[in-house]
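Q: One structure is given below, represented as structure tokens, and several questions about it will come after.
There are 2 protein chains.
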Amino acid sequence: MKMDRFQPPKRLLLGPGPSPVDDRVLAAMAEPLLGHLDPLFLRCMDDVQNLLRYVFETENRVTIPISATGSAGMEAALVNVIERGDDVVVCINGVFGQRMRDIVERAGGNAIVVEAEWGRTIDPDKIEAALKSCRPRALALVHAETSTGVLQDLSGLSELAHRHDALLIVDAVTSLGGHPVSVDRNGIDICYSGTQKCLGAPPGLAPITFNERAIELIRARRSKVQSWYLDITLVEHYWGEDRTYHHTAPISMNYALREALRLIQEEGLEARWRRHELNHHALVAGVEAMGLRMAVAEGERLWSLNAISVPEGVDDARVRARLLEEDIEIGGGLGPMKGRIWRVGLMGSGSTRENVNIVVAALHRALNAEGFNCNSGVEAAESIYKTLV
Amino acid sequence: MKMDRFQPPKRLLLGPGPSPVDDRVLAAMAEPLLGHLDPLFLRCMDDVQNLLRYVFETENRVTIPISATGSAGMEAALVNVIERGDDVVVCINGVFGQRMRDIVERAGGNAIVVEAEWGRTIDPDKIEAALKSCRPRALALVHAETSTGVLQDLSGLSELAHRHDALLIVDAVTSLGGHPVSVDRNGIDICYSGTQKCLGAPPGLAPITFNERAIELIRARRSKVQSWYLDITLVEHYWGEDRTYHHTAPISMNYALREALRLIQEEGLEARWRRHELNHHALVAGVEAMGLRMAVAEGERLWSLNAISVPEGVDDARVRARLLEEDIEIGGGLGPMKGRIWRVGLMGSGSTRENVNIVVAALHRALNAEGFNCNSGVEAAESIYKTLV
């Protein structure tokens, strides 16, 4: 079982994540380690918290990275709040809403489900009806549904939730850093994300923020949080002023997150959103000029993750394999979308004019090679930059 | 809130972890990222699983790194097995046994506790009595108690557990890669560790292994595992042949673990244990020549983590601060051991003759500077290498 050094090629990561990681962030990963209670590492932790408040647009004291991937952020958001028998309204229009329901039920909660067709947004009237039908502890929904490419409008949802005494829990895994999430302005009580999408760090941490309303509700629990690892009342003591040992934080991942957030700060949130928006529009123009269709209706599309319908008669997996031969990764569909959509991520440092051109040209080549004749979309994509910039 | 690049100094990490990380492992952290379903990354995952089987000394199919730190390994080991109302015998002689009890109770289990004084091993007769007193689903104990520096002898424990139809769950966070753990030979059913101790990678993953007895018991559960993120029946599908998407694996951390395990393979497990043993003895000789006392009785001591009693009248924290000024980290005590012991880790690439000399000399300087006059221990430490090598 003699093994050589692992030398991964440089792939262009335009799938649903991980997204391309800037060299500055990679260099941070290789910095020498500090102890997890070293005064210098504690300073690094403070910086990460401050930068996360900037990106989440929140004043929340409890704003930290959970020491696990984005999915653990979902679990942390839910299990800290739920006690056995609690009602939780869960919105489902894709894989990640389904996952929320699963986690709610594993925690002993009752999931009251509001559904929409996969690829469509959730109707606020249905949410209101669900909130009225029970005694909801929380309303949980996905801002950016990574499995379908749908963006859920958040406006008005906090008022709706709070009118029914429910917390608003928002999954921003694929939107934070690429779309406005604006935790405080949108009245979100708990919001979480992952490092490997629009934030531009490797996967491994789940940034999360709890406002005081959420923290008070957690403090008033009758039972302990089911997870010791994710119990935010313990975790916050390590990240807060008392610095009580809880677990050993992933040192290098925190270095990387700090550097990735510093890149966001340098660019500015607003400019970063505009960049994601512009490149999304260029991609759509290119794709449509090729005669392909976006799988999500205009106005409901994510800028960060673009779902393209696989044309009739084209083999999804073969096209992706052709792209991978050119070291370009795009994603396939999940669940009922398997074989029906491609998911093209333009996230973080991956959202560039150059990458739009590369992926549009590569898709064109691959489709023609597969016998699906179509025009090039590159000029149409380019025209967007000339019109909109 | 303008922030500069974070440039951590090179500390000599001789605390309870993270331990020093080899430059080859740091370089692996900075390799370009692959997608988490990229065929090349799947190959990397296979390598990690094979290398983990080597280090755990097991044939277990389900042998993977949990995508979170060592403490999440503990939670994964316990919550996969426990259903509400289950009895679990938990051995407590330090912080990590206490944590096991907490996790058992949060999962709705009944913890039947076997205690020993902190700094002493658990008496197998007491374990047997506890197993007889209930209907145990598992016997859970810590092989290497990081909070006190005590090594628990594992021989005979699996027969004891299995005679009472209980699984044997062993925490090997501070022993795997530094002490023999020998999962199959010791009949351990579930064993977990962390990457940042004797394995020599940064913190962020929790290697874990389940044998078929454990997996069958988990498959026969009446209820779902409370944690979606840690549910091994889901996680194993991602790491197994079907490669079903579960969560996005921390790519770079897996690169690092692969390289750290490759270093272990190159050295050989047996040679690595001997190295940890030898350096431990040298440290003890040095410390005792200085007139200090080890906090743990001979024969019950870890080689990887050395607990030294803080002499009467000496301020623990001031001594550690003096060492940190020289960029040497050692640990203080936890809980009731706070202020009473120093914890000196000689783990992974940190377990060297050079580091023993450095820390013995630095302790000597710091103690004298604090007004505790003592002899140098360096010669005594060196004499061990001359006798034993």
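Chains as they are written, first to last, in the working numbering: chain A, 1 to 389; chain H, 1 to 389.
All residues carry an ideal CB built from backbone N, CA and C; glycine is no exception.
(1) Is the Cβ-Cβ distance between M347(H) and S304(H) less than 8 Å?
(2) Can you find the residues in the same chain that come closer than 6 Å, C-beta to C-beta, to M253(H), ignoring five residues on each side of it along the sequence?
(3) Expressed to the nearest angstrom, what Euclidean distance is found between the alpha-carbon atoms of S175(A) and G350(A)?
(4) Going straight from the alpha carbon of P18(A) to that of G35(A), what length do you get?
(5) With DSSP as the reference, please indicate the residues paired to N306(A) in a beta bridge.
(6) Which residues does DSSP pair with E115(A) in a beta bridge?
(7) In this structure, does DSSP put H462(H) in helix, strand or coil?
(8) If the cut is a Cβ gap below 8 Å, which residues of chain A does P32(H) touch?
(9) To the nearest angstrom, how far is it from the Cα of R24(A) to the Cα of V48(H)?
(10) For E57(A), which option in M1(A), G178(A), R84(A) and W228(A) has the closest C-alpha, if you only look at C-alpha atoms?
(11) Kindly list the residues whose CB is nearer than 7 Å to the CB of V310(H), restricted to its own chain and excluding five residues on each side of it in sequence; keep chain order.
(12) Sort R61(A), Q196(A) and L151(A) by Cα distance to A249(H) and report the nearest one.
(13) If you measure from the beta carbon of I103(H) to each beta carbon in chain A, is any gap under 8 Å?
(14) Against E75(A), what residues of chain H qualify as contacts under a CB-to-CB distance less than 7 Å, listed in chain order?
(15) Does DSSP classify D86(H) as helix, strand or coil?
(16) Does Q152(A) pass the burial test, meaning 16 or more other C-beta atoms within 10 Å, or should it be called exposed?
(17) Under three-state DSSP, which class holds D231(H)?
(18) Just to confirm the assignment, what range does the alpha helix (DSSP H) spanning D23(A) have?
(19) Which same chain residues, not among the five before or five after L168(A), have their C-beta less than 7 Å away from its C-beta?
(20) Is it right to say D231(A) is buried, meaning 16 or more other beta carbons lie within 10 angstroms of its own, or is it exposed?
(21) Among I358(A), E59(A) and W118(A), which has the Cα closest to the Cα of I330(A)?
(22) Here's a check: name, in chain order, each residue in its chain whose Cβ is nearer than 8 Å to the Cβ of V314(H), leaving out the five neighbours to either side.
(23) With distance defined between alpha-carbon atoms, name the residue in L52(H), K10(H), G85(H) and E75(H) nearest to I64(H).
(24) How would you list, in chain order, the residues of chain H whose beta-carbon sits under 7 Å from the beta-carbon of P250(A)?
(25) For my contact list, A81(A) and L234(A) are in at a C-beta cut-off of 8 Å; report their separation, rounded to the angstrom.
(26) Just to make sure I have the definition right: I need the residues of chain A whose C-beta is within less than 7 Å of the C-beta of E329(H). Which are they?
(27) Using the beta-carbon count (16 or more within 10 Å), is G70(A) buried or exposed?
(28) Over the uninterrupted alpha helix (DSSP H) stretch that includes F41(A), give me the two end residues.
(29) Please list the residues of the region 331-345 of chain H that have a C-beta atom closer than 7 Å to any C-beta atom in chain A, keeping them in chain order.
(30) Does T244(H) pass the burial test, meaning 16 or more other C-beta atoms within 10 Å, or should it be called exposed?
(31) Could you tell me which of M337(H), E277(H), R84(H) and I251(H) sits nearest to K224(H), measuring between CA atoms?
(32) If we count Cβ pairs, one from each stretch, closer than 8 Å, do we get three or more for the region 113-128 of chain H versus the region 267-283 of chain H?
(33) Enumerated in chain order, which unbroken segments of the alpha helix (DSSP H) with a length of 4 residues or greater are wholly contained in the region 224-298 of chain H?
(34) Within 8 Å of any Cβ in chain A, is that where the Cβ of P207(H) sits?
(35) Please list the partners that M253(H) has in chain A, where partner means a Cβ-to-Cβ separation under 9 Å.
(36) Using DSSP with H/G/I as helix, E/B as strand and the rest coil, what is T387(A)?
A: So, from the listed chains and residues:
(1) Result yes, Cβ atoms of M347(H) and S304(H) sit closer than 8 Å.
(2) Around M253(H): G204 and L205.
(3) When rounded, the distance between both Cα atoms is 14 Å.
(4) P18(A) and G35(A): Cα-Cα distance of roughly 27 Å.
(5) Under DSSP, N306(A) forms a beta bridge with V344(A).
(6) DSSP, once it has assigned bridges, lists I92(A) as partnering E115(A).
(7) The structure shown does not extend to residue 462(H), since chain H spans only 1 to 389, so no value can be given for it.
(8) The answer, in chain order, is P8, P9, K10, R11, V21 and L26.
(9) A direct Cα-to-Cα measurement between R24(A) and V48(H) gives close to 27 Å.
(10) Ranked by Cα distance from E57(A), the options M1(A), G178(A), R84(A) and W228(A) are led by G178(A).
(11) Annotation for V310(H): D316, G339, R340, I341 and W342 place their beta carbon closer than 7 Å to its own, counting only its chain and skipping 5 residues before and after.
(12) Looking at the Cα atoms, Q196(A) is the closest of the given residues.
(13) Closer than 8 Å to the CB of I103(H) there is at least one CB belonging to chain A.
(14) Ordered by position in chain H, the residues that pass the 7 Å Cβ test against E75(A) are S227, W228 and Y229.
(15) In the three-state scheme derived from DSSP, where H, G and I count as helix and E and B as strand, D86(H) is classed as coil.
(16) In the assembly as shown, Q152(A) is a buried residue. Its beta-carbon has 16 or more other beta-carbons within 10 Å.
(17) Looking at D231(H) - three-state DSSP - the assignment turns out to be coil, as it is neither helix nor strand.
(18) Counting along the chain, the alpha helix (DSSP H) containing D23(A) begins and ends at D23 to M29.
(19) Excluding five sequence positions before and after L168(A), the CB atoms of its chain that fall closer than 7 Å to its own CB belong to L139, L157, S158, A161, G187, I188 and D189, given in chain order.
(20) Residue environment for D231(A): buried (at least 16 other C-beta atoms within 10 angstroms of its C-beta).
(21) Nearest neighbour of I330(A) by Cα position, chosen from I358(A), E59(A) and W118(A), turns out to be I358(A).
(22) Hits under 8 Å: L367, E370 and F372.
(23) I64(H) has its Cα closest to that of L52(H), out of L52(H), K10(H), G85(H) and E75(H).
(24) T69, P202, P203 and G204, listed in chain order.
(25) With the sequence shown as reference, residue 81(A) is identified as Val, and Ala is not the correct amino acid for it. Between V81(A) and L234(A) the beta-carbon gap is near 15 Å, outside 8 Å, which marks them as no contact.
(26) Below the 7 Å Cβ cutoff, chain A contributes G35 and D38 as neighbours of E329(H), in chain order.
(27) G70(A) should be labelled buried.
(28) Start and end: P39 to F56.
(29) With the criterion set as a beta carbon lying under 7 Å from some beta carbon of chain A, the members of the region 331-345 of chain H are L334, in sequence order.
(30) Per the 10 Å Cβ criterion, exposed.
(31) The shortest C-alpha separation from K224(H) is found at R84(H).
(32) The region 267-283 of chain H and the region 113-128 of chain H do not touch, with fewer than three beta-carbon pairs separated by less than 8 Å.
(33) Listed in chain order, the complete alpha helix (DSSP H) runs (minimum 4 residues) inside the region 224-298 of chain H are 232-239, 251-267 and 269-289.
(34) Answer no: the Cβ-Cβ gap between P207(H) and chain A never drops below 8 Å.
(35) Here the neighbours are P202, P203, G204, P250, S252 and M253.
(36) Correct three-state label for T387(A): helix.
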